[in-house]
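Below is one structure, written out as structure tokens; the observations come after it.
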Amino acid sequence: MASAAQPPPPNRPTAPSTVPPLRSIAISKMAAMAMSADPNRRAALRSQISNSHPDDADTMLYEWRAMGRFLRLAFMKRLTPADAARPLRLPAESLPTATAFHQLPLALAIYKIISRQLTYRGTSLELSQADDRGHYKIGNGWAFRVVGLGELPGGHRYADSYKRSDPVVRGSSHLYPSFSEFLLDRLLLCEWPDEEGVSHRVLIDAHIGRGDHRYGHLLTDKITEDQRITVDGRRNWGDLNDADAEDRRYVIVSGHRPGETIAAHLKVWYGYIELRTTEAPAADRPHPLADRFPGSAPLWCAVLRRFDLESAVIEGGRVVG
């Protein structure tokens with residue numbers, strides 16, 4: 001499990017757990033209020049949060065928002081029950097006690113609450129403990145473990161952004177800067193990419209090259225969350241000091257905001273850029289990309305244009321779908 005590697009701010013007591021508490025209410029009650037259909041109950045929760053220490057409130061709100069983005073994509077991927085309505089309703093018996101909630105970093109604890117409602121091709125995606133060495137697993141997928149800040153080598157790319165509430169995790173040969181990004185990676189790539197009836201097709205595959213500075217900036221530069229979500233990962237074969245680790249990134253451009261009906265992203269890896277979407281084509285393949293996928297194309301192009309890659313990918317890439 002992650003350990004507290006940074007001292008607390010002055011005049012604040014050291015918290016005994018990895019989860020910042022909302023001091024005046026139990027965690028299970030807070031979860032019920034957050035998911036409630038009653039606007040008065042949600043308003044009461046906001047009032048409780050506003051009276052908490054700003055650091056605690058910001059952390060709590062950030063992690064709930066991050067899980068909300070995951071859930072919107074999970075709905076599109078049909079990982080939720082077929083008759084599930086938005087927002088997802090949780091039965092009271094699924095809510096943990098405050099003690100149980102505090103045993104996990106906040107992002108893992110929130111996912112554990114909702115995970116009983118998620119399935120992939122009939123298999124539950126519930127979070128469970130895999131062994132007594134701090135490993136966890138989701139459904140029948142990869143086992144993973146939380147990586148403490150102190151385990152990361154000095155100057156590691158993931159150290160500066162490390163959050164105890166949403167810590168770095170390692171699964172098999174891959175390292176992720178946060179548990180929430182690990183979840184999105186599983187959703188987009190390996191574990192749960194195409195539930196029955198959902199098609200996440202690759203449309204363009206463009207080789208740019210690892211040495212191209214434009215590719216390097218797209219792979220590593222910070223992209224703000226106001227319009228897009230980045231999902232980073234690093235293949236290092238379990239060696240945190242591996243100088244030849246291979247980075248990859250997804251840039252999610254649609255599907256994470258309320259009201260969106262298509263999921264679209266760019267995949268950046270091994271010197272290639274792929275454009276992927278669940279959008280159904282509006283025109284046949286000979287037509288321009290903007291005509292075929294009018295919802296996704298402008299969003300992809302906005303990202304590519306920022307890094308001077310629009311022409312290289314849209315005009316120079318290989319059309320595969």
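Note that the sequence shown covers residues 1 to 321 in the UniProt record's numbering. The C-beta atom is built at its ideal place from N, Cα and C for all residues, glycine as well.
Every alpha helix (DSSP H) of 4 residues or more that sits fully in the region 96-177 is shown, in chain order, as 98-101, 106-115.
Contact check between the region 267-275 and the region 201-213: three or more CB pairs, one atom from each, fall below 8 Å, which counts as touching.
C-alpha of Tyr111 to C-alpha of Met67: approximately 7 Å in a straight line. Excluding its 5 nearest sequence neighbours in each direction, Leu125 has C-beta neighbours in its own chain below 7 Å: Leu79, Ser115, Leu118, Thr119, Ile138, Gly139, listed in chain order. As a beta-bridge residue in DSSP terms, His265 pairs with Ile252, Arg276. By the neighbour-count criterion, in which 16 or more other beta carbons inside 10 Å mark a residue as buried, Arg318 falls on the exposed side. Boundaries around His213 are those of the alpha helix (DSSP H), 213-220, since no beta strand (DSSP E) includes it. One Cα belongs to Arg276, the other to His135, and the distance between them is close to 32 Å.
The three-state reading of DSSP puts Arg78 in coil, since its state is none of H, G, I, E or B. Listed as beta-bridge partners of Glu246 by DSSP are Arg235.
By the Cβ test, the region 234-246 is not in contact with the region 277-297, since fewer than three Cβ pairs between them sit closer than 8 Å.
For Ala283, the three-state secondary structure derived from DSSP is coil. Taking the C-beta atoms as reference points, Pro153 is found no nearer than 7 Å to Pro105.
Ranked by how close their Cα comes to the Cα of Ala143, the residues Ser254, Leu183, Val202 have Leu183 in first place. Asp308 and Tyr215 have their C-alpha atoms roughly 9 Å apart. Taking a contact to require three or more Cβ pairs closer than 8 Å, the region 249-257 and the region 220-238 qualify as touching.
Approximately 17 Å separates the beta-carbon atoms of Arg186 and Gly122; this is outside 8 Å, ruling out the contact. Boundaries of the alpha helix (DSSP H) harbouring Leu183: 179-188, taken from the DSSP string. By DSSP's assignment, Ala206 forms a beta bridge with Ile273. In chain order, Met76, Ser254, Gly255, Thr277, Thr278, Glu279, Gly295, Ser296 place their CB closer than 8 Å to the CB of Ile262, counting only its own chain and leaving out the 5 sequence neighbours on each side.
The Cβ-Cβ distance between Arg170 and Arg145 falls below 7 Å.
Distance from the Cα of Leu127 is smallest, within the candidate group Asp160, Ala282, Phe179, Ala283, for Phe179. Following the DSSP letters along the chain, one finds Arg292 inside the alpha helix (DSSP H) bounded by residues 289-292.
Contact between Val313 and Leu299 is ruled out by a C-beta separation of about 13 Å, above the 8 Å threshold. The beta-carbon separation of Arg235 and Ser161, rounded to 19 Å, does not stay under the 8 Å limit for a contact. In this structure, the alpha-carbon of Leu218 lies about 11 Å from that of Tyr272.
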